[in-house]
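The numbering used here applies: residue 3 is where the sequence shown begins, and numbers increase by one.
The beta-carbon is built from N, C-alpha and C at its ideal position, and this holds for glycine as well.
Accompanying notes for the structure given below.
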Amino acid sequence: MSDPTTVILAGIRIDDSRISVKMPTCQTDTVGTVEVYNSDSAKLLWRASGPMTPAGKRGSVTLWKAADFHKASPTTQPTTLPANLDVSVTFAGVEDGTGDVFNIPRVKAARIPDGQYWTRDGARSATQIDAQLKCNSDE
3 MSDPTTVILA GIRIDDSRIS VKMPTCQTDT VGTVEVYNSD SAKLLWRASG
53 PMTPAGKRGS VTLWKAADFH KASPTTQPTT LPANLDVSVT FAGVEDGTGD
103 VFNIPRVKAA RIPDGQYWTR DGARSATQID AQLKCNSDE
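In structure tokens, the structure reads:
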């Protein structure tokens, strides 16, 4: 199970209308459920469970890509995104999870290199996001 060392950063990238997130995971973690809320109203915008891709099981998911999950609703992304998205994951078989709130205008304005995600502390790769957790270090 995840063992955070400090404030743990999750990542997001926005490529045109595609929104991808990377949640930090340990090698033993498997994502069970992903939920996306309008952070300002607490309205549930999307819920998906049972990621079917290896990347999805490890916390790298494309939001509103229903084909990557056993179950997802709704299947389409809202035409207008709220200013702040609250994205959370729950790990399969446990009551543990992680999440973050992302300011969409700030993320859209950022220049993020290919293969990296926007975080509150700058661009990071999926490996760097996972490396924040003690379970993924050599300590």
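- CA-to-CA, the gap between Ala-133 and Thr-55 works out to about 21 Å.
- Going by DSSP, Asp-132 is part of the alpha helix (DSSP H) stretching over 128 to 132.
- The beta strand (DSSP E) runs of length 3 or more contained entirely in the segment 38 to 122 are, from start to end of the chain, 45 to 53, 62 to 64, 71 to 75, 86 to 93 and 99 to 105.
- Out of Thr-27, Ile-21, Arg-15 and Pro-84, the CA that lies nearest to the CA of Ala-68 is found in Ile-21.
- Taken atom to atom, the span from the alpha-carbon of Pro-76 to that of Gly-124 is near 31 Å.
- Annotation for Asp-17: the continuous beta strand (DSSP E) segment containing it runs 13 to 17.
- Using a 10 angstroms sphere on the CB of Ser-62, the tally of other CB atoms reaches 16 or more, which defines it as buried.
- Distance from Ala-94 to Phe-71 at the Cβ level is roughly 12 Å; contact not present, criterion being Cβ atoms closer than 8 Å.
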